Structure formats: structure tokens, C-alpha cells
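K.L.:
Let me begin by handing over the structure; questions about it come next.
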Amino acid sequence: MRTRNRKHGRGPALLFTALLFIILAVGAYYALSPTDRGSKQVVTVDIPRGTSFLKSVDLLEDAGLIKHKYLFYALVIARNAQGHIRAGEYEMSASMSPLDIINKLVKGDILSYQVTIPEDFTVMEIAERLASYKLVDEKAFVSLCGDPKFVASLD
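Dropping the structure here:
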């Protein structure tokens, strides 16, 4: 009788192991497969400060960078990255794998801009130049430049 019970105990365990293996294989395939291998198009995605994890994924999906939103959720959660996605403007391509996208978001590998500001520029001219790159709100920048407490805090 004992041997018969053991045989019945192996069936569910073997089925569970096989199912777990299949789930892990599908997850690994998804994590490492680009949305569009042949894509050369670069997309800029802006994730504003304070954007929730779910909204960030929606922005990536709208940009065509991810296909299966729920698999992407699962991958981000498996990497424990949902609370570590950094705000900023990112340059990405659909030829990146979901894992590459997650790593870029967690690292905070955002776009940087080189802006030249000549010595004789006024605050207004600096504000205009930075606003032309969409780096600052012109009025807020001018206001902060005239605030003695803010200026003193920069030291």
C-alpha cells in the first residue's frame, strides 16, 4: 500500500514542476525578446516625477515599446523594480528587450542635453534658452532666480 500512495504523490508534484518550468521558460523568453527586432526607430518617453508604476507601463505601451503589459508587470515585480523606476526623459527602441527597458528605467539612464550659456546672458535669456529645450518652465525659473532664499540654498 505504501508504494501505491507514493506513485499517486508523484503525479501532482511532477505536474507542478513541469508547469513551473513552462512558466519560467515563457517568462525568460519574454524578458529577453525585443518587441520588434528589426526596429531602428528611437522613441523618446517622458516619465514625469510622481508617475505611478502602472501609468509608467502605460506610457511605455503607448510608445510601442512593450506588447504584453501584464507580462511586463510580472517581470518588473519579479525583478522587484516597481518602486525603483526613475522619472525622466528616456530614449529607447522597440528592438530593446523588456529586461533592457527595465534596467534602463531602474538605472535612471535619462537623456542629457548640452546647453551653452554665454557669460553675458541675462536671466531672461537663460530662461528662454532652457525653456526652448523644455528643461524648465520659463516663469518658474525667473522667479527662483530672484528668490534670495533659493539662491542661498545653492551654496
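Just so you know, we're using the working numbering here: the sequence shown kicks off at 984 and counts up by one. Heads up, the beta-carbon is just placed ideally off N, CA and C, and yes, glycines get one too. Model, not experiment: these values are computed from the prediction.
1) Just to confirm, is the Cβ distance from I1068 to S1022 under 7 Å?
2) Hey, L1054 and Y1013 are a contact pair by Cβ (cut 8 Å); roughly how many whole angstroms apart?
3) Tell me where the alpha helix (DSSP H) around E1074 begins and ends.
4) Indicate the three-state DSSP secondary structure (helix, strand or coil) for V1098 in the structure shown.
5) How far does the alpha helix (DSSP H) with I1084 in it reach, from first residue to last?
6) Provide the residue span of the beta strand (DSSP E) that contains I1109, from first to last.
7) Reducing DSSP to helix, strand and coil, say where V1040 ends up.
8) Decide if the segment 1024 to 1033 is in contact with the segment 1068 to 1077; the criterion is three or more beta carbon pairs, one per stretch, under 8 Å apart.
P.N.:
Inspection of the coordinates gives the following:
1) In the sequence shown, residue 1068 corresponds to position 85, counting from 1. In the sequence shown, residue 1022 corresponds to position 39, counting from 1. The answer is no: Cβ separation not under 7 Å.
2) Counting from one through the sequence shown, the residue named residue 1054 turns up at place 71. Counting from one through the sequence shown, the residue named residue 1013 turns up at place 30. So it is a contact: roughly 5 Å between Cβ atoms.
3) Residue mapping note: residue 1074 aligns to position 91 of the sequence shown, counting from 1. Taken as a continuous stretch (DSSP letters only), E1074 belongs to no alpha helix (DSSP H), being part of the beta strand (DSSP E) at G1071 to S1076.
4) On the sequence shown, residue 1098 is found 115 positions in, with the first residue counted as 1. Residue state, collapsed to three classes: coil.
5) If you number the sequence shown from 1, residue 1084 lands on position 101. Taken as a continuous stretch (DSSP letters only), the alpha helix (DSSP H) holding I1084 covers P1081 to K1090.
6) What you label residue 1109 is simply residue 126 of the sequence shown in a count that begins at 1. I1109 -> not in any beta strand (DSSP E); alpha helix (DSSP H) instead, spanning V1106 to S1115.
7) Within the sequence shown, numbered from 1, the residue matching residue 1040 stands at position 57. Of the three classes helix, strand and coil, the one that applies to V1040 here is helix, per DSSP.
8) yes
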